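Residue numbers (the numbering used here), protein chains in the order written: chain W, 82 to 286; chain X, 82 to 286.
Structure, as structure tokens:
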DNA sequence: GACTGATTTAAACAAACGTTTAAATAATCC
DNA sequence: GGATTATTTAAACGTTTGTTTAAATCAGTC
């Protein structure tokens, strides 16, 4: 059963799709343009993925599974909750930054409600929520005496981490250059501190 | 010059478009379906707006101008920064909740980079950034001795406020019912407290 | 009641859409 | 080396896309 080392045109389709979908949106990219940019015959997309929507799901799965792995590894550890959250945010921001386009495709499709895709996304949502419930909400309730729903914390924390990247096209036009490199070095700490202690949390410097 | 009291089919187009775009995404809604659902002839959309993209821009403008008005009114007041931010978040969350679909259409299109639209969006971005610079970043720098860029604060604060709404399709499938009404009553306070003092800010209850 | 401008209509435009087909090539196995 | 897959190709499928056209209907003014 002729299995090659790596079906390299399949990979090229995904890589190209992620870039195009992130830049102009999943729905507005035609398969012909995708095929052309990926240097692949049009029919190959349906050959490998069985349809445009299935290709999107592969991308969503790739991002979600990577994000969930970090969630799992960092939030289930038995360390003080502050340290746990801080190292989680550092790893997660690094992951998001490294896979910017995957993240954008995923986040941009989140609010929409295609039945197939929503069903699929909520599979990941369930798992994430369970981890956040155990890893953050429960120990936090013990600590501060207030129960915050994982349905609030989960979306909140990922939205905070991704905020800067989702606004990138606007910010690049608005912002006078200069924040470039040093900014992203400080970014994970900024998010972690605000999530833990708010903007007042910078007092102690 | 025959001006009617209100061109009611123009309004119907916008109202219908906002709902459809929010639910399934701007790019995946065809003008024929939109016209049908709005009970309007197909050609009316181009007659009133001059194109699909222009219709989208009207929607983006509507949301942005409302949001910016709140930014302006609340953040330029001369009151202690904590109180200022807290009341701003309350008003903004109420606005977002009331105009959920407008917000979703706007936020879902944010990360994409259609030249025309990005140009247009960044007009609003400039204004928002200037207000946040003056209303938050500057007084905050005095208070905590650390300068946080408005290019970080602006996206962060709106992302926090909208997070719960953008994840709605997933959460409705995942979440066991029960958080419904009481949740959204507490939501603005939750966001404001976390932004100001982080999750540790609930100590004092 | 004709005139004017705003609104509405049905019909058509070329272009692009996602998907399928059947035949050709390339790679792998025995 | 012949048989068996896996991959690639060009062509066509029927729909749907956003936009335009020119004629029809409507409302209000003089």
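Glycine residues also receive a C-beta, built at the ideal position from the N, C-alpha and C atoms.
Here the structure is a predicted model, which means the values were calculated and not measured.
- For residue 171 of chain W, the enclosing alpha helix (DSSP H) covers residues 162-179.
- Note on geometry: alpha-carbon atoms of residue 90 of chain X and residue 114 of chain X lie some 15 Å from one another.
- Contact check between the stretch 270-278 of chain X and the stretch 167-185 of chain X: three or more CB pairs, one atom from each, fall below 8 Å, which counts as touching.
- Ranked by Cα distance from residue 281 of chain W, the first of X:221, X:205, X:182, X:215 is X:221.
- Look at residue 218 of chain X here: in three-state DSSP terms it is helix.
- When the five nearest sequence neighbours on each side are left out, the beta carbons in the same chain lying within less than 7 Å of the beta carbon of residue 184 of chain W are those of 144, 177, 243, 246, in order along the chain.
- At a cut-off of 7 Å between beta-carbon atoms, residue 108 of chain W makes contact with chain X.
- In terms of beta-carbon proximity, residue 158 of chain W stays away from the interface with chain X, with every pair separated by 7 Å or more.
- Sequence-distant Cβ neighbours of residue 103 of chain W in its own chain, meaning closer than 6 Å and more than five residues away, are 182, 185, 186.
- Distance from residue 171 of chain W to residue 269 of chain W at the Cβ level is roughly 5 Å; contact confirmed, criterion being Cβ atoms closer than 8 Å.
- For residue 192 of chain W against residue 189 of chain X, the beta-carbon gap comes to about 5 Å, under 8 Å, which counts as contact.
- Under the Cβ criterion of 7 Å, residue 206 of chain X is counted among the residues facing chain W.
- Taking the CA atoms as reference points, residue 124 of chain W sits about 10 Å from residue 132 of chain W.
- When rounded, the separation of the alpha-carbon atoms in residue 120 of chain W and residue 135 of chain W is 20 Å.
- For residue 92 of chain X, the uninterrupted alpha helix (DSSP H) run begins and ends at 89-105, by DSSP.
- Closest option to residue 96 of chain X, judged by alpha-carbon separation, among X:128, X:139, X:127, X:109: X:139.
- The C-beta of residue 154 of chain X has fewer than 16 other C-beta atoms within 10 Å across all chains shown, which makes the residue exposed.
- The beta-carbon separation of residue 217 of chain W and residue 234 of chain W, rounded to 6 Å, stays under the 8 Å limit for a contact.
- Put simply, of X:162, X:147, X:228 the residue whose alpha carbon is nearest the alpha carbon of residue 179 of chain X is X:147.
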